[in-house]
Amino acid sequence: MASVPVSHGLILAGILFMLGLSGVLVRRNIIFIMFCIEIMLNAAGLAFIVAGSRWEAADGQVMFIFILCMAAAEVSVGLALVLQLYHSMRTLDADAASVMRG
Amino acid sequence: MNVVFYVSAGIAVVSTLMVITRLNAVHALIYLIISLLAVAVIFYTLGAPFAAALEIIIYAGAIMVLFVFVVMMLNLGPATLEQERSWLRPKMWLGPSLLAGVLLAELIYMLARVHLSAGGMLVGTKLLGLTLFGPYLLGVELASMLLLAGLVGAYHLGLRPPLQSHRKGE
Amino acid sequence: MLELLWLIPALPFAGFVVLALAGGRLSRPAAAVVGAGSVGLSAVVMVLVAFEFLGAPPPHHVYSQTIWIWLSVGSFSPAIAFYLDALSLVMIFVITFVGFLIHLYSTEFMIDDEGYSRFFAYMNLFVGSMLTLVLADNLLLLYLGWEGVGLCSYLLIGFWYTEPANGYAARKAFVVTRVGDAAMAVGLYLLFTRLDTLQIQDLMTRAAHAWPAGSTLPVAAALLLLGGAVGKSAQLPLQTWLPDAMAGPTPVSALIHAATMVTAGVYLIARTHVLFTLAPAVMTIVAIVGAATLLLAGFSGLTQWDIKRVLAYSTISQIGYMFLALGVGAWTAGIFHFMIHAFFKALLFLGAGSIIIVLDHEHNMFKMGGLRRQLPITFWTFLAGAGALSAVPLITSGFYSKDLIIWQSYASAQGSVWLWGAGLVGALLTSMYTFRMVFITFFGPPNAQADHRPGIRINLPLVVLAVLSLAAGFINLPDILGNLPLFSDFLHSALPAASILPAKAGYEGLFGVISGVVSVLGIFIIYLFTMRYRRLTENLANSSVGGMLHRFWFAGWSFDWLYDRLLVRPYVWLARIDKDDVVDLFFDGTAWCNRMGYRALSFSQSGYIRWYAAGMAIGAAVFIGMVVFL
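Taken in sequence, the protein lines are chains A, B and C.
Take the first sequence: its letter number 41 is residue 406 in my numbering, and every next letter is one higher.
Take the second sequence: its letter number 92 is residue 125 in my numbering, and every next letter is one higher.
Take the third sequence: its letter number 110 is residue 114 in my numbering, and every next letter is one higher.
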């Protein structure tokens, strides 16, 4: 297999991460915010795989597996919370959940 | 191989862009799945086939499906679309884009000086298994505890009063 | 016997402590015994000490007794130490003896008062502080006594505190003397930082060695000490408090504001005479202050209707004579006049007090009259005192002391004909206002009826003081009348002799005759004005010029008005501007900044998730930027 420059892979991970970050900051719907968090997690995993590939070791993939586990747990708990919020606030507006202010 | 890498990279970036700009939740989900598939191809080009398989099976197959279920359950209708349209004015994008742009610039500035190559050798499943249950055994156990905690938490948070009233009604 | 010196101030302090702690529960007689007895015992000890000092004088005519070291900081260790020489012996004689007579008098005078034991407590504290002042070995202990007598003056002027005017008079006295005390404190600092000691004899020798005569340092130090003396002795420009201090009970006026406290300034200058001789300019200022004050007070005394205020202005005037004497270098003459003045002024005040109390606290002379038949003892003793005050020639002691001053203000090396003239005019005014008081109060038709005769405890001190007012002068006879300068010789062991210019020495007799004539002339003039030509006097007082002068002199040459406009009003105006306390602005400002910061920061806690995420992103950008670019 031909090799890809590590910097290119990492830059790709960076671009994906930044897209996810801007999505989190812009969107007001909680569901969309969760999508963008997933994008960011995926980008981090990509960075790990790239690093592991550079060293030709399995460590990158191991980290990716851990990230995957974490993402799964986070998504299940997060979506349960979103459902609770939706039932109490009747809206999916993230800005509506701002009682803890001042 | 390089071509595959760059093409998949382009697809990933474009579809991610589409994810964050869609008004309809299901549309955004579909684009997200495409992005994940593209990233899986990238994994494969980098010599991590098992990671690619996991990406598709678990990330795109389980997590995204979970998202789909929740979105369906929420039953967001046209009113939500209107709401999203009102919230997503172009000028909203200005600040976050600037911020993300600054961070990206810093990252590229740091990375541009690195001259290394990747993706030479394929790291097989056997080697991954040995590493995972060798030096990273503790991590595996912790990850399993994390999943247990997530399970319990999700179950508890998923409980809703209607369940009780349902029992009463019987 | 000399070792008993410490008992002299200690006994009145002990009396004070007993009366302060247990006075409320003591009966009147018991409080009187403790109060007057402590001063009486102190007088007895003083007599014993005096006998030994005169009979078997200690080396250099100085006896020093250290009780304990007060404090010890670096090279500065002032002690509670008493210094007995001729000067302090004269002072303690007057304070204890006259003090005891006045205490005896007060046991009857204050008999109807609620605060009987409180009165004696304050009086004992005063006597103890005054004795500390005159016996002090160093200026710090002297300053302690100085402040103590100031405190007691305040407490006693405002003794009848339920009347607001008395409190005002007490505060006025305290604040005005405080101005002088502050100047004196600065003087002490100056002396200490330059000469490294406050022990008086050390100070005098070091000053004589280190400072040439007439240089700025002794002038500054002497001027500052003069400031303190002027405040305590009610001389120009700080004389405004003494007439108002007559609000206190009459024994207080007799003891504090006639015989002892107001002479503290005279004592201070006499004690530190070396410093003053090193600053001839300041000596001249002392003499001028004395001369101006005696004239000013003389004119004011001529217009008063309150018998005690006449005596107050008279005190200011006589202390002016003492300052005049000190200013021309006639140290012994000044102290001699102090002693004689203590006798007759205390006598006059006690006499006025006996009149006041039998007429039910009436002070206005014009409401009295013809009292010589009703109160014979008071009349004859008062007449003796008035004669001494007016320096009636030959038979009164006042003649010998005042004449000595007037003569030496001309003949001394620092004297001048102007000072002599001022002294002479002052003597004329003195006889005039004194006998105006005598004629209006004791002669003429009776306006008021005395409801009882004073008892032995009032009359005995009056008689004793009257005998002294007439006879005490004979211990210092001038040249032409026998040349018996016993007193001056006695004091020469402590104070230098006045330097008489030989060219003028021969005129002593002539000048003595002139002084005698002037005092009798004053009595005669005032007799005409008050007894014979009453109508003419009243027309004069009511005319435009006469009325204006009368009001001006009545108000003490309007110094109160001047000080009110010059000092009090600007100060009150400044205080009103600073009502909210500019300094507080700093502390309030700190709290205000905190509150503003809190408000700003709480604004950032909006509750929006996206804001928080943005905050994290910004923080990350900044940190990474710092790491990458710095």
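The beta carbon of each residue, even a glycine, is placed where N, CA and C say it ideally should be.
Does any C-beta atom of chain A lie closer than 8 Å to the C-beta of His199/B? If you number the second sequence from 1, residue 199/B lands on position 166. Bear in mind that the predicted position of His199/B carries a pLDDT of just 45, short of 50, making it unreliable; the figure below should be weighed with that in mind. Using a Cβ-Cβ cut-off of 8 Å, His199/B does not count as an interface residue toward chain A, since no Cβ of chain A sits closer than that to its own.
Could you tell me whether any Cβ in chain B is nearer than 8 Å to the Cβ of Gly593/C? Here residue 593/C is taken as the residue at index 589 of the third sequence, counted from 1. Gly593/C has a beta carbon lying at 8 Å or more from every beta carbon in chain B.
Using a cut-off of 8 Å between C-beta atoms, extract the partners of Gly110/B located in chain A. Walking along the second sequence from the start, residue 110/B turns up at place 77. In chain order: nothing, as chain A lies at least about 12 Å away.
Kindly list, in the order they appear in chain B, the residues whose Cβ is closer than 7 Å to that of Val632/C. In the third sequence, residue 632/C corresponds to position 628, counting from 1. The answer, in chain order, is Glu139, Tyr142 and Met143.
Please confirm whether Ile402/A has its beta-carbon closer than 8 Å to some beta-carbon of chain B. Locating residue 402/A in the first sequence gives position 37, counting from the first residue. Proximity of Ile402/A to chain B, defined by a Cβ-Cβ separation below 8 Å, is not satisfied.
Would you check if there are 3 or more beta carbon pairs closer than 8 Å linking the stretch 83 to 102 of chain C to the stretch 214 to 223 of chain C? With a cut-off of 8 Å, the stretch 214 to 223 of chain C and the stretch 83 to 102 of chain C do not count as touching, because too few Cβ pairs lie within range.
Is there at least one Cβ from chain A nearer than 8 Å to Met125/B's Cβ? Here residue 125/B corresponds to residue number 92 of the second sequence, with the count starting at 1. By the rule that beta-carbons nearer than 8 Å mark a contact, Met125/B touches chain A.
Cβ contact (3+ pairs, closer than 8 Å) linking the stretch 191 to 203 of chain C and the stretch 247 to 256 of chain C: No, the stretch 191 to 203 of chain C does not touch the stretch 247 to 256 of chain C.
Compare the C-alpha of Trp150/C against each of Glu118/C, Thr166/C and Asp185/C and name the closest. Reading the third sequence from its first residue, position 146 is the one you call residue 150/C. The shortest C-alpha separation from Trp150/C is found at Asp185/C.
Nearest to Ile344/C by alpha carbon, out of Asp588/C, Val587/C, Ala475/C and Leu135/C? In the third sequence, residue 344/C corresponds to position 340, counting from 1. Selected option, being the one with the closest Cα: Ala475/C.
Does the Cβ of Arg275/C have 16 or more other Cβ atoms within 10 Å, making it buried, or fewer, making it exposed? Against the third sequence, residue 275/C aligns to sequence position 271. Buried.
Give me the DSSP bridge partner(s) of Asp458/A. Mapped onto the first sequence, residue 458/A falls at position 93. Bridge partners of Asp458/A: Asn394/A.
Is it buried or exposed for Gln412/C, if we count other Cβ within 10 angstroms and need 16 for buried? Taking the first residue of the third sequence as position 1, residue 412/C is located at position 408. By the neighbour-count rule (16 or more Cβ atoms within 10 Å), Gln412/C is buried.
Note the first and the last residue of the continuous beta strand (DSSP E) segment covering Ile73/C. The count along the third sequence starts at 1 and reaches residue 73/C at position 69. In the DSSP assignment, Ile73/C falls within the beta strand (DSSP E) that extends over Tyr67 to Ile73.
Assuming Leu91/C and Glu56/C make a contact with CB atoms under 8 Å, what is their CB distance in whole Å? Here residue 91/C refers to the residue found at position 87 of the third sequence. Here residue 56/C refers to the residue found at position 52 of the third sequence. 17 Å between Cβ atoms; not a contact.
Pick from Pro253/C, Tyr87/C, Pro82/C and Gly132/C: whose alpha carbon is nearest that of Phe163/C? The residue you call residue 163/C lines up with position 159 of the third sequence. Checking every option, the nearest Cα to that of Phe163/C belongs to Pro253/C.
Strictly under 8 Å for the Cβ-Cβ distance: is Asp460/A near chain C by that measure? As a first step, residue 460/A must be located in the first sequence, where it is residue number 95. Interface with chain C (8 Å Cβ-Cβ cutoff): Asp460/A is included.
So Leu1/C is in the beta strand (DSSP E); what residue range does that whole segment cover? The requested residue 1/C is not part of the displayed model; chain C covers only 5 to 634.
Separation of Phe528/C from Val421/C, as counted between CA atoms: For the purposes of this step, residue 421/C is identified with residue 417 of the third sequence, where counting begins at 1. For the purposes of this step, residue 528/C is identified with residue 524 of the third sequence, where counting begins at 1. Cα-Cα distance, rounded: 26 Å.
Pick from Ala408/A, Asp424/A and Leu377/A: whose alpha carbon is nearest that of Lys159/B? As a first step, residue 159/B must be located in the second sequence, where it is residue number 126. When Ala408/A, Asp424/A and Leu377/A are compared, the shortest CA-CA separation from Lys159/B is found for Asp424/A.
C-beta contact flag for Gly520/C and Phe439/C at 8 Å: On the third sequence, position 516 is the one that residue 520/C refers to. On the third sequence, position 435 is the one that residue 439/C refers to. The Cβ-Cβ distance between Gly520/C and Phe439/C does not fall below 8 Å.
Using beta-carbon positions only, say whether Leu143/C and Ile204/C come within less than 8 Å of one another. Counting from 1 along the third sequence, the entry for residue 143/C is found at position 139. Counting from 1 along the third sequence, the entry for residue 204/C is found at position 200. Contact: yes.
Within the chosen definition, does the stretch 431 to 448 of chain C reach the stretch 375 to 383 of chain C through at least 3 CB pairs nearer than 8 Å? Three or more pairs of CB atoms, one per stretch, sit closer than 8 Å, so the stretch 431 to 448 of chain C contacts the stretch 375 to 383 of chain C.
Excluding the five sequence neighbours on either side, which residues of its own chain have a C-beta within less than 7 Å of the C-beta of Gly379/A, listed in chain order? Counting from one through the first sequence, the residue named residue 379/A turns up at place 14. Excluding residues within five positions, none has a Cβ falling inside 7 Å.
Would a check of beta-carbon distances place Val52/B closer than 8 Å to chain A? Taking the second sequence and counting its residues from 1, the one referred to as residue 52/B is at position 19. Interface residue, yes.
How many Å lie between Arg466/A and Met620/C at the Cα? As a working note, residue 466/A is residue 101 in the first sequence. As a working note, residue 620/C is residue 616 in the third sequence. Spanning the two alpha carbons is a distance of roughly 17 Å.
Is it true that the stretch 375 to 389 of chain A meets the stretch 132 to 142 of chain B, where meeting means three or more beta-carbon pairs spaced less than 8 Å apart? The stretch 375 to 389 of chain A, when compared against the stretch 132 to 142 of chain B, does touch it at the 8 Å Cβ threshold.
Does Met383/A pass the burial test, meaning 16 or more other C-beta atoms within 10 Å, or should it be called exposed? Taking the first sequence and counting its residues from 1, the one referred to as residue 383/A is at position 18. The C-beta of Met383/A has 16 or more other C-beta atoms within 10 Å across all chains shown, which makes the residue buried.
Where does Ile53/B sit, in a helix, a strand or coil, going by DSSP? Taking the second sequence and counting its residues from 1, the one referred to as residue 53/B is at position 20. DSSP places Ile53/B in helix when its eight states are reduced to three.
Using 8 Å as the threshold, is the C-beta distance between Trp335/C and Ala559/C below it? By one-based count along the third sequence, residue 335/C stands at place 331. By one-based count along the third sequence, residue 559/C stands at place 555. Against a cut-off of 8 Å, the Cβ pair of Ala559/C and Trp335/C comes out as no contact.
Alpha carbon of Val77/C to alpha carbon of Leu105/C, nearest angstrom: Position 73 of the third sequence, counted from the first residue, corresponds to residue 77/C. Position 101 of the third sequence, counted from the first residue, corresponds to residue 105/C. Each residue's Cα considered, the two are about 42 Å apart.
Does the structure place the stretch 154 to 169 of chain C close enough to the stretch 293 to 311 of chain C that three or more beta carbon pairs sit under 8 Å? Judged by Cβ distances under 8 Å, the stretch 293 to 311 of chain C makes no contact with the stretch 154 to 169 of chain C, as fewer than three pairs qualify.
At a cut-off of 7 Å, would you count Ile395/A as near the ligand FMN, judging by its Cβ distance to the nearest heavy atom? You won't find the ligand FMN in this model; it holds no ligand whatsoever.
Is DSSP giving Val190/C helix, strand or coil here? Here residue 190/C is taken as the residue at index 186 of the third sequence, counted from 1. Here Val190/C carries a helix assignment [DSSP, helix/strand/coil].
Less than 8 Å separating the beta-carbons of Gly39/C and Met134/C? Here residue 39/C refers to the residue found at position 35 when the third sequence is read from its first residue. Here residue 134/C refers to the residue found at position 130 when the third sequence is read from its first residue. Against a cut-off of 8 Å, the Cβ pair of Met134/C and Gly39/C comes out as no contact.
CA-to-CA distance, Pro168/B to Ser198/B, given in whole angstroms: Counting from 1 along the second sequence, the entry for residue 198/B is found at position 165. Counting from 1 along the second sequence, the entry for residue 168/B is found at position 135. Only weak support is given to the placement of Ser198/B: the predicted model assigns it a pLDDT of 45, under 50, and the question is left unresolved by the model.
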